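Every number in our numbering is 11 more than the matching position in the sequence shown, counting from 1. Glycine is no exception: its CB is placed at the ideal position from the N, C-alpha and C atoms. The structure presented is a predicted model; accordingly, all values stated were derived computationally and were not measured. To start, the structure itself, in structure tokens.
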Amino acid sequence: MLTKKEGHVLIVKFFILYMGISLSLFANISIENAWYSVEKQNDALKASKADIHHAQLKKESAEGMYLPSVSLIGSYTHLDDAINLDTSGVSGLLASLPIPIAFPSEIDFLDQDIALVDLQVLYPLYVGGKIDAAQDAYSAKVAEAKAKHRIAKDKAFLQLIKLYYGVVVTKSLYHTRVESEKALKLHYSNAKKLKKEGQISRVELLNARVKLDMAKIETKKALQKMEIVTSALYTMIKRKQMPSSKLFVSKKIGTKDQYSTQSTEAYAAIDVLNAKSQQASAMIEVEEAAWYPEVLGYANVNLHKGDSPFEELAPQWMIGVGVKFDLFSRKDRAKEVEAAKVLRSKVDALTVQAKDDLRLAVKKTYDEIMLYRDEFNSLSTSLVLARENYKLRSLAFKEGLATSVEVVDAQTLLRGAKAQRLNAAYNYVKSLAALCVLSGERERFFTFEKSGKGIR
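This is how it looks when you write it as structure tokens:
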């Protein structure tokens, strides 16, 4: 039995555990933790990871090609008649001797029913390099599967960045719309007061009302858009947690040449083409092996045979070496080798083109990042100006020195400056993530995120 004090302690511990679990379920999630969640639970990534396992198992299975094959072979044969040896001449001659000797006139040389069981061993001693080439091909397929898995992870990562920061942006834009609606409500309230006092016309009051109604509609649209993007994020990370990481802009991200060099060495798509090239090289070796003989060691052990004289004469076991060389083949071996070389040349050409395209993509993405960063910095100044302008117009309207249209225009300008600044930061983050992927350094994005300047 627990004492009263022990019972209280147990209840407190349970409450703390329950609250910890509850907070972990509903707490906000950082971009890095969101990515770890996607890595573990994304179904597309699980599928591509299964492709790696499949390729590895095929490679391990092919390692047995170096080993001998051992087979148990059984056969049953029924002849139309037993094979007999006619010895009537011999038996007649022996019977005519002074001392007659009995001898059968017919000997069963081979029974009509023949049953054999053999243990057969075949061991490839030399096959012209086919086995080594096959091993290289399977290793290349494993490398290809791993590279494709990285491509799948890159796609999932970019999709997460788009959705995660999409929620951040749409949430901020929704709050901006709410603030704008509140400001227009206050403006409409002030307009009604001024109308009663005769300081503004009915047209200006109606204009304030129309702008307020339009703001309400835009707020609902912003809320709906935020809910759609949030739902997509929940589906991807498989948990209902809102983002905690902010949009950011980094001061330094490295030079364009650094990313260009890294991309041609580490980008997953280049690794896929390299693996394809290795497979093509292995195929050339397989085709060239057709010009060489095959040497095979073999052994056979008889486990069961009949008792007829012919079967009794068969050896109990045998061992030997066989050689096979195709003097003429239905396939043109030279053309097969040439075709394999053409395939490798094709892959090599695609690799060169892919590297050129990759350098161009890196340059384009890097330039976009610089452009979005400059745009963000410029819009930050514009935002300060828009706030001051709206503040002055609102005060002037209260004093009867500005019209309702001027106040609404100032509010629209302020809202637009906030939205453009957010979109510039959003585009910056997406392009930075793309640059990290192109350079094969996906995880580097989180370093930029932690060191960058967060945007409110």
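If you draw a straight line from the C-alpha of residue i to the C-alpha of residue j, how long is it?
i: Phe387; j: Val153; result: 44 Å
i: Ser442; j: Ala360; result: 28 Å
i: Ala93; j: Val128; result: 20 Å
i: Val248; j: Gly177; result: Sequence check: residue 248 is Ile here, not Val. Distance between the alpha carbons of Ile248 and Gly177: 14 Å.
i: Ile142; j: Ala301; result: 12 Å
i: Ser450; j: Tyr278; result: 6 Å
i: Glu305; j: Pro79; result: 14 Å
i: Tyr245; j: Lys251; result: 5 Å
i: Lys1; j: Val448; result: Summary: the structure shown does not reach residue 1, with the chain confined to residues 12 through 467, and so no result is reported for it.
i: Val471; j: Arg344; result: The question about residue 471 has no answer here: the residues shown for the chain are numbered 12 through 467.
i: Gln67; j: Glu155; result: 11 Å
i: Leu13; j: Gln52; result: Reliability of the predicted coordinates at Leu13 is poor, the pLDDT of 49 falling under 50, and no value is obtained from them.
i: Glu379; j: Leu369; result: 15 Å
i: Leu36; j: Tyr47; result: Interpretation of Leu36 is limited by its pLDDT of 46, a score under 50 that renders its predicted location unreliable; no figure is taken from the coordinates.
i: Lys409; j: Asn201; result: 7 Å
i: Tyr149; j: Lys69; result: 7 Å
i: Arg220; j: Ser191; result: 13 Å
i: Thr458; j: Val240; result: 25 Å
i: Gly265; j: Glu347; result: 48 Å
i: Thr376; j: Arg384; result: 12 Å
i: Gly465; j: Lys402; result: 26 Å
i: His89; j: Asp318; result: 15 Å
i: Val180; j: Gln273; result: 31 Å
i: Ser405; j: Leu412; result: 10 Å
i: Glu276; j: Ala45; result: 28 Å
i: Gly140; j: Tyr303; result: 9 Å
i: Leu382; j: Lys203; result: 45 Å
i: Lys342; j: Ser356; result: 22 Å
Among the residues of its own chain, which have a CB less than 8 Å from the CB of residue i, if the five just before and after it don't count?
i: Glu74; result: Gln146
i: Lys159; result: Ser59, Asp62, Ala279, Val283
i: Asn39; result: Gln252, Met253, Pro254, Ser255
i: Ala286; result: Ala151, Lys152, Ala154, Glu155, Ala158
i: Lys196; result: Leu223
i: Ala226; result: Arg188, Ser191, Glu192, Leu195
i: Lys173; result: Lys441
Apply the 10 Å Cβ neighbour rule to residue i and answer buried if 16 or more other Cβ atoms are within range, or exposed otherwise.
i: Arg467; result: exposed
i: Lys207; result: exposed
i: Asn95; result: exposed
i: Asp224; result: exposed
i: His64; result: exposed
i: Phe456; result: buried
i: Ile330; result: exposed
i: Glu454; result: exposed
i: Leu433; result: buried
i: Ala325; result: exposed
i: Leu217; result: exposed
i: Thr392; result: exposed
i: Leu338; result: exposed
i: Asp124; result: exposed
i: Ile211; result: buried
i: Val358; result: buried
i: Tyr77; result: exposed
i: Gly463; result: buried
i: Glu299; result: buried
Once the 5 residues before and after residue i are set aside, which same chain residues still bring their CB inside 7 Å of it?
i: Glu460; result: Ile42, Ser256, Phe259
i: Lys163; result: Note on identity: in this sequence residue 163 is Ala, with Lys being the wrong assignment. Ala55, Leu56, Ser59, listed in sequence order.
i: Gln269; result: none
i: Gly333; result: Leu307, Tyr309
i: Ala243; result: Leu174
Just to confirm my understanding: we take residue i, look at its own chain, exclude 5 residues before and 5 after, and list those with CB closer than 6 Å. What are they?
i: Tyr185; result: Ala233, Leu234, Met237
i: Ala126; result: Tyr87
i: Gln131; result: Ser82, Ile84, Asn311
i: Asp313; result: Inspection of the sequence shows that residue 313 is occupied by Asn rather than by Asp. Asp129, Gln327.
i: Ser271; result: Arg370, Val373
i: Ala144; result: Ala293, Glu296, Val297
i: Lys182; result: Met237
i: Phe336; result: Pro304
i: Ser72; result: none
With a threshold of 8 Å between beta-carbons, can residue i be considered close to chain D, or not?
i: Lys251; result: The chain labelled as chain D is not found in the depicted structure, where only one protein chain is given.
For this session: State whether the stretch 168-177 contacts the stretch 273-283, with contact taken as three or more CB pairs (one from each stretch) at a distance under 8 Å.
Result: no
Exercise. Which parts of the stretch 230-304 are runs of the alpha helix (DSSP H), unbroken and 4 residues or longer, counting only runs that do not cross its ends?
Worked result: 267-277, 279-299
Exercise. In chain order, which continuous runs of the beta strand (DSSP E) of length 3 or greater are located wholly inside the stretch 309-385?
Worked result: 328-335
Problem set entry | the stretch 292-308 touching the stretch 337-355, judged by at least three CB pairs closer than 8 Å | yes
Exercise. Three or more beta-carbon pairs under 8 Å between the stretch 407-419 and the stretch 362-376, yes or no?
Worked result: With a cut-off of 8 Å on Cβ pairs, the stretch 407-419 is not in contact with the stretch 362-376, counting fewer than three such pairs.
For this session: Report the residue ranges of all beta strand (DSSP E) runs contained in full by the stretch 168-217; include only those spanning at least 3 residues, in chain order.
Result: none
Exercise. Is the stretch 381-401 in contact with the stretch 424-436, if contact means three or more CB pairs nearer than 8 Å?
Worked result: yes
Exercise. How do the stretch 124-139 and the stretch 304-321 stand: do at least 3 beta-carbon pairs fall below 8 Å, yes or no?
Worked result: yes
For this session: Kindly provide the ranges of any beta strand (DSSP E) runs that are 3 or more residues long and lie completely inside the stretch 123-167, ordered along the chain.
Result: 124-137
For this session: Would you list, in sequence order, the uninterrupted alpha helix (DSSP H) runs of no fewer than 4 residues that lie entirely inside the stretch 54-81?
Result: 54-73
For this session: Only counting runs of 4 or more residues, tell me where the alpha helix (DSSP H) segments fall wholly within the stretch 375-455, in order along the chain.
Result: 415-449
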